[in-house]
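Structure first, then comments.
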Ligand code: PMP
Ligand code: GLU
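Numbering (our numbering), first residue to last: 383 to 787.
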């Protein structure tokens, strides 16, 4: 028995069966290569390169000085939940009372709380694909069974209400999706969401976790639509949001849900046994983010839009790469299947993983393969980095792909 096998025997089946997060794995790899002196352009992690706005940082400093340094209520400070309740009304025309809101250590924890609170072993969960990597992992952790609902670049990676309905069975408990979407940047329109709401109304045993963490990063010019706005199905929806993307607060670890009271209560109980209330200082910063000036967030969105247009132009020039124009978030999810079967130096490309590793080696550009997002043809690149790096990365990608024959 090798040492690795001996260790695996000691660990739980739960952890042995869990996939490592593909986004985290790739960014770790890229960090290590950089530390070894390689000139890597890291487009792997979905993280705004902007600094957290000054007034939010000031609120955190103030919180320390005012002694907000103790344990916090498990679902979050009352003031923060009140601010989130106001934000839901202001931005989404949604009525969530503070006791229907739970603040967590990142939206990632919010999602884990919800899934672990709702899913029993064997329950079915639908994942419109491509989907964010951790959705599948948490369903597996809860011993649920997930089914992917496939979509391709030709439909802008969106599933239709009819497709969704065709996948619902009596055992379907939950649907998880994001709009704007990670990894595709797709944004469901109000009409598309209304059609999905119609399906849910016909299947009242099905809940939906609607991940709106990229809400602000929306280039459609239309107001963001929350699925919970369709009042007939609001009780079936758990709205997830957070501060990481819209306020460039990834390191602060702050996310939240708005949900029916009984689900919020379950998440509160779950969190009370796992992490307790999230960081007091981050919560005070979050309050300032929601109630303060949103202009810095709008400026970031303008920058993202500018970068999106640049990258779209550059990637569209790469022969064989199939690209669409994403309406939100900060990702491209190009289809690289035209390169399958081609080789360089004796290595043949058969999967998006092969292509992403080839591009890491050959172009020194780090991106994440589509497989962990439930897609077999695409790779994801995050354009949340400087224009200069993006231009250089696209040039390197183009040159490296041209070597495949
Ligand atoms: N949902 C989606 C779709 C994401 O891309 C991410 C990654 N930031 C999260 C949730 C988790 O965000 P955080 O834990 O940083 O709030
Ligand atoms: N959500 C970001 C991403 O998809 C950050 C990494 C993670 O939390 O998985 O890259």
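Built from N, CA and C at the ideal position, the CB exists for glycine as well.
Note that the structure is a prediction, hence the values are computed from the model and not measured.
1. At what residue ranges does the segment 589 to 655 contain a whole run of the beta strand (DSSP E), taking only runs of 3 or more?
2. Are the Cβ atoms of residue 565 and residue 762 separated by less than 8 Å?
3. Is residue 679 near ligand 2 - that is, is its Cβ less than 7 Å away from at least one heavy atom of it?
4. Nearer than 7 Å: is that true of the beta carbon of residue 632 relative to any heavy atom of ligand 3?
5. Taking the straight line between their C-alpha atoms, what separation do you get for residue 531 and residue 511?
6. So which residues touch the region around ligand 1, with touch meaning a C-beta under 6 Å from any heavy atom?
7. Give me the DSSP bridge partner(s) of residue 760.
8. Taking C-beta to C-beta, are residue 404 and residue 754 nearer than 8 Å?
9. For residue 759 and residue 785, what's the separation of their Cα atoms in angstroms?
10. Among 719, 727 and 663, whose alpha-carbon lies nearest the alpha-carbon of residue 752?
11. Short check: CB of residue 476 to CB of residue 668, under 8 Å?
12. How would you label residue 666, buried or exposed, when you count the other beta carbons within 10 angstroms and need 16 or more for buried?
13. Comparing C-alpha positions only, which one of 598, 450 and 740 sits nearest to residue 469?
14. Exposed or buried, residue 559, counting other C-beta atoms within 10 Å across all chains shown (16 or more means buried)?
15. Kindly list the residues whose CB is nearer than 7 Å to the CB of residue 722, restricted to its own chain and excluding five residues on each side of it in sequence; keep chain order.
16. Classify residue 414 as buried or exposed, calling it buried when 16 or more other Cβ atoms lie within 10 Å of its own Cβ.
17. Is DSSP giving residue 494 helix, strand or coil here?
18. Does the separation of the CB atoms of residue 571 and residue 562 fall below 8 Å?
19. Could you give the distance in angstroms between the alpha-carbon of residue 422 and the alpha-carbon of residue 680?
20. Going by C-alpha distance, which of 549, 608 and 554 is nearest residue 574?
21. So residue 714 and residue 765 are in contact, right, with Cβ under 8 Å, and what is the actual spacing, rounded?
22. In chain order, which continuous runs of the alpha helix (DSSP H) of length 4 or greater are located wholly inside the segment 405 to 452?
23. Measuring only the C-alpha atoms, how far is residue 629 from residue 390?
24. Please classify residue 530: does DSSP put it in a helix, a strand, or coil?
25. Any heavy atom of ligand 2 closer than 7 Å to the beta-carbon of residue 406?
26. Hey, how far is the Cα of residue 682 from the Cα of residue 386?
27. Taking 8 Å as the cut-off, decide whether the C-beta atoms of residue 663 and residue 465 are in contact.
28. Hey, residue 581 and residue 543: beta-carbon distance below 8 Å or not?
29. For residue 367 and residue 602, what's the separation of their Cα atoms in angstroms?
30. Looking only at its chain, what residues have a beta carbon closer than 8 Å to the beta carbon of residue 399, apart from the 5 residues adjacent to it on each side?
31. In three-state terms, what does DSSP make of residue 559?
32. Return helix, strand or coil for residue 748, following the three-state DSSP convention.
According to the data block:
1. 589 to 593, 619 to 624 and 637 to 640
2. yes
3. no
4. Inclusion of ligand 3 in the displayed structure is not the case, the ligand content consisting of ligand 1 and ligand 2 alone.
5. 6 Å
6. After applying the 6 Å Cβ criterion, the set is 428, 488, 489, 490, 514, 560, 564, 593, 595, 624, 626, 632 and 637.
7. 717
8. Yes. Within cutoff.
9. 19 Å
10. 719
11. no
12. For residue 666, the number of other beta carbons within 10 angstroms of its own is at least 16, and it is reported as buried.
13. Selection 598, 450 and 740 evaluated against residue 469 yields 598 as nearest (Cα-Cα).
14. It is buried - the Cβ of residue 559 has at least 16 other Cβ atoms within 10 Å.
15. Within the same chain, residue 722 has close Cβ partners 731 and 732.
16. exposed
17. helix
18. no
19. Going from the Cα of residue 422 to the Cα of residue 680 covers about 29 Å.
20. 608
21. 7 Å
22. 436 to 447, all fully within the segment 405 to 452.
23. Rounded to the nearest angstrom, the two C-alpha atoms are 40 Å apart.
24. strand
25. yes
26. 45 Å
27. no
28. yes
29. Nothing in the structure corresponds to residue 367, since the chain is present only between 383 and 787.
30. 522
31. strand
32. strand
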